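Engineer: Once you've had a glance at the structure underneath, I'll fire off some questions.
Protein chains: 2
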Amino acid sequence: MQDMALTWRRQGQIVGLVPTMGFLHEGHLSLVRLARAQSKVVVLSLFVNPTQFGANEDLDRYPSNIERDLAYCEAEGVDVVFMPKADEVYAEDASVFVQEQKLSQGLCGMSRPIHFQGVLTVVAKLFNLCLPDLAVFGEKDAQQLRLIRRMVRDLNFPVEIISGPIVREEDGLAMSSRNSNLSEAERGEALVLRKSLLAIVDAKTFGERNVKRLRAMVEEFLREATLGTLDYLEFVDDETLEPVGHIEDRPVLVAMAVQFPSARLIDNIVLT
Amino acid sequence: MQDMALTWRRQGQIVGLVPTMGFLHEGHLSLVRLARAQSKVVVLSLFVNPTQFGANEDLDRYPSNIERDLAYCEAEGVDVVFMPKADEVYAEDASVFVQEQKLSQGLCGMSRPIHFQGVLTVVAKLFNLCLPDLAVFGEKDAQQLRLIRRMVRDLNFPVEIISGPIVREEDGLAMSSRNSNLSEAERGEALVLRKSLLAIVDAKTFGERNVKRLRAMVEEFLREATLGTLDYLEFVDDETLEPVGHIEDRPVLVAMAVQFPSARLIDNIVLT
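For the record, the sequence lines run as chains Y and S. For the first sequence, the numbering used here assigns the number 1 to the initial residue and increments by one for each residue that follows. For the second sequence, the numbering used here assigns the number 1001 to the initial residue and increments by one for each residue that follows.
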């Protein structure tokens, strides 16, 4: 992969990278199109990265359909699908990791303490292996996106980070490979994430800017509407990810995660 | 710097990087020559990296002579001296760091707990800013060299690491910018590092392979020969940096640090 990337670089070709864990859906494909529009060469990496899964998480149950993924990639004009095996990516005695020490502490970092070290390390590796000029990430993984931008800034990677908006199912559920793990009943309840976020937008439109009250409203709604448990619902400054108690003029990221028996789902919205 | 480096890369020029903290001596210049021999463009970075100094260390007393450094660089045919300011290198709210979790624990890592996080982070940044094909490091900083090789392996940097042998003063003292901070009396005693290492080589030649006895021999010598305090004397596997109790056939790195009132000095030798 790196040899190929070095050749492209010598030829002055613009390379766009779309890192994925596979089981592609329209969300991923929208990122491919963003890369395609700005790159001569589009690389899609397909790697279920073990180091970003905690011991009790769903690494073993992460969905996979390589054949379908490859068909999608071909249809979208992806030039290279980079699909390494875990033992090719990580040496058995791997000991160097990329850590973020501020933005990674809250939100998903609370319940997934090693997650972002795994994400940043593998993204740094993918950047060095694929040497992209630009890389595209989805806005559904809001904290991940901000951490990757922070890594690029703090480690000076020569990579432009482009983000693609959340792509949703017709009923509003944010697309996620993990949706396929939901039971039919869970799939119905999964809409509570989007509904909660839209209720917050509505309440804000009607003048409610107190985070405690907005949170209480959502918590009450969730108690009625789902058996899933709220992992977190946070209102944070969109840039620093510091919690805010009151919604002022600065953009506020509202992010949430709900744990269903078969999958943990996330969604978010930025209040501007 | 990065724009320049991207241009070189598009032109297919081989770039060699020599990272330094300045106050250059013959040791650094030997590294420049190694870079020069294999590169079209030689970049020497000159940056006293604050994040690799602990609170009670000698950041404020680190010697400097920019004018002389630049004259040396010109004489050696360095193409670019990269000399950023600290606030250009680190954002005020920098929060992403490169950490090594095994090889960095012993040796200098024991008394300098944040040192190698600072070193690896700044070297990762320099790699991304200068985009070298190869980078040259001195063997005096034995643990640093091994950690950088490990980082290149574990984060897949497309950079070849070349090492240059320790360059010594006529009397055997390993060249170091910090030598200039020594008093005349300390300068005399500073030879104890080299003498200790040579005594170990001699003893091994005569069949002594027990690390406990070799260490006792050196400790006794140091008690007589210097007022400096032994920070560490370690016998470790040259690859894993795991302590060894007995010198077998695998290469053993013998590394030591002695704290003098005006400077902490290090030296090492590999027993093969």
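Even for Gly, the Cβ is constructed at its ideal location relative to N, Cα and C. All values derive from a computational prediction rather than experimental measurement.
Counting Cβ pairs, one atom from each stretch, are 3 or more of them under 8 Å apart for the stretch 181-200 of chain Y and the stretch 143-157 of chain Y?
Structural biologist: no
Engineer: Residues in its own chain within less than 7 Å of GLU1139/S by CB, not counting five upstream and five downstream?
Structural biologist: LEU1145, SER1163, GLY1164, PRO1165, ILE1166
Engineer: Starting from the beta carbon of SER1095/S, find every residue of chain Y whose beta carbon is closer than 7 Å, and list them in chain order.
Structural biologist: GLU100, GLN101, LYS102, LEU103, ARG150, ASP154
Engineer: For the stretch 75-94 of chain Y, enumerate the residues whose C-beta is nearer than 9 Å to any C-beta of chain S, in chain order.
Structural biologist: VAL89, TYR90, ALA91, ASP93, ALA94
Engineer: Looking at ARG61/Y: is its Cβ nearer than 7 Å to the Cβ of VAL1096/S?
Structural biologist: no
Engineer: Please tell me whether MET1001/S and LEU1129/S are closer than 7 Å, where the distance is taken between their beta carbons.
Structural biologist: MET1001/S places its beta carbon less than 7 Å from that of LEU1129/S.
Engineer: Starting from the beta carbon of ASN128/Y, find every residue of chain S whose beta carbon is closer than 8 Å, and list them in chain order.
Structural biologist: LEU1155, ASN1156, PHE1157, PRO1158
Engineer: Give the single residue among LEU1230/S, ASP1237/S, ILE1247/S whose Cα lies nearest to the Cα of ARG1213/S.
Structural biologist: ILE1247/S
Engineer: Is there a Cβ from chain Y that is less than 7 Å from the Cβ of ALA1142/S?
Structural biologist: no
Engineer: Going by DSSP, what residue range makes up the alpha helix (DSSP H) through GLY1188/S?
Structural biologist: 1184-1189
Engineer: For PRO1261/S, collect the residues of the same chain with a Cβ closer than 6 Å to its Cβ; drop the 5 residues on either side in sequence, then sort them by chain order.
Structural biologist: none
Engineer: Name, please, each residue of chain B whose Cβ falls closer than 7 Å to the Cβ of ALA124/Y.
Structural biologist: Considering every chain present, this structure includes no chain B. Its protein chains are Y and S.
Engineer: Residues of chain Y with CB under 9 Å from LEU1046/S, in chain order?
Structural biologist: At a beta-carbon threshold of 9 Å, none of the residues of chain Y lie near LEU1046/S; the nearest stands roughly 17 Å away.
Engineer: Throw me the rounded Cβ distance for the VAL1159/S and PHE1137/S pair, which I believe falls under 8 Å.
Structural biologist: Wrong, their Cβ atoms sit about 11 Å apart, outside the cutoff.
Engineer: Which residues of chain S have a Cβ atom closer than 9 Å to the Cβ of GLN2/Y, listed in chain order?
Structural biologist: ASN1156, PRO1158
Engineer: Spell out the partners DSSP gives PRO1243/S in its beta bridges.
Structural biologist: VAL1236/S
Engineer: Along the stretch 1002-1022 of chain S, what residues have a CB closer than 7 Å to any CB found in chain Y?
Structural biologist: GLN1002, LEU1006, ARG1009, ARG1010, GLY1012
Engineer: Would you list, in chain order, the members of the stretch 1162-1173 of chain S that have their beta-carbon closer than 8 Å to a beta-carbon of chain Y?
Structural biologist: Here the close residues number zero.
Engineer: In the DSSP assignment, find the unbroken alpha helix (DSSP H) run with ILE1066/S in it and report its ends.
Structural biologist: Per DSSP, ILE1066/S is one residue of the alpha helix (DSSP H) stretching across 1066-1076.
Engineer: Residue ranges of each beta strand (DSSP E) run of no fewer than 3 residues wholly in the stretch 23-70 of chain Y, ordered along the chain?
Structural biologist: 41-46
Engineer: Could you check what DSSP says for ALA91/Y in three-state terms: helix, strand or coil?
Structural biologist: In the structure shown, ALA91/Y sits in coil (DSSP, three-state: anything other than H, G, I, E or B).
Engineer: For PHE1193/S, I'd like the list of residues in its chain whose CB is within less than 8 Å of its CB, leaving aside the five on either flank, ordered along the chain.
Structural biologist: The question names Phe, but residue 1193/S in the sequence shown is Leu. Excluding positions up to five away in sequence, the list reads LEU1173, ALA1174, MET1256, VAL1258, LEU1265, ILE1266, ASP1267.
Engineer: Please say whether VAL1218/S and LEU1241/S have beta carbons closer to each other than 7 Å?
Structural biologist: No, the pair does not count as a contact, with Cβ atoms beyond the cut-off.
Engineer: Taking the Cβ atom as the reference point for each residue, do LEU1107/S and ARG1009/S lie within a distance shorter than 7 Å?
Structural biologist: no
Engineer: One question on the structure: do VAL252/Y and ILE269/Y come within less than 7 Å of each other, judged by their Cβ atoms?
Structural biologist: Contact: no.
Engineer: For PHE1023/S, which of TYR1072/S, SER1104/S, GLN1038/S has the nearest alpha-carbon?
Structural biologist: TYR1072/S
Engineer: Which runs of the beta strand (DSSP E), 3 residues or longer, sit entirely within the stretch 1135-1212 of chain S?
Structural biologist: Positions of the beta strand (DSSP E) runs, each at least 3 residues long and wholly inside the stretch 1135-1212 of chain S, are given as 1160-1164 in order along the chain.
Engineer: State the Cα-Cα distance for the pair LEU222/Y and GLU67/Y, rounded to the nearest angstrom.
Structural biologist: 38 Å
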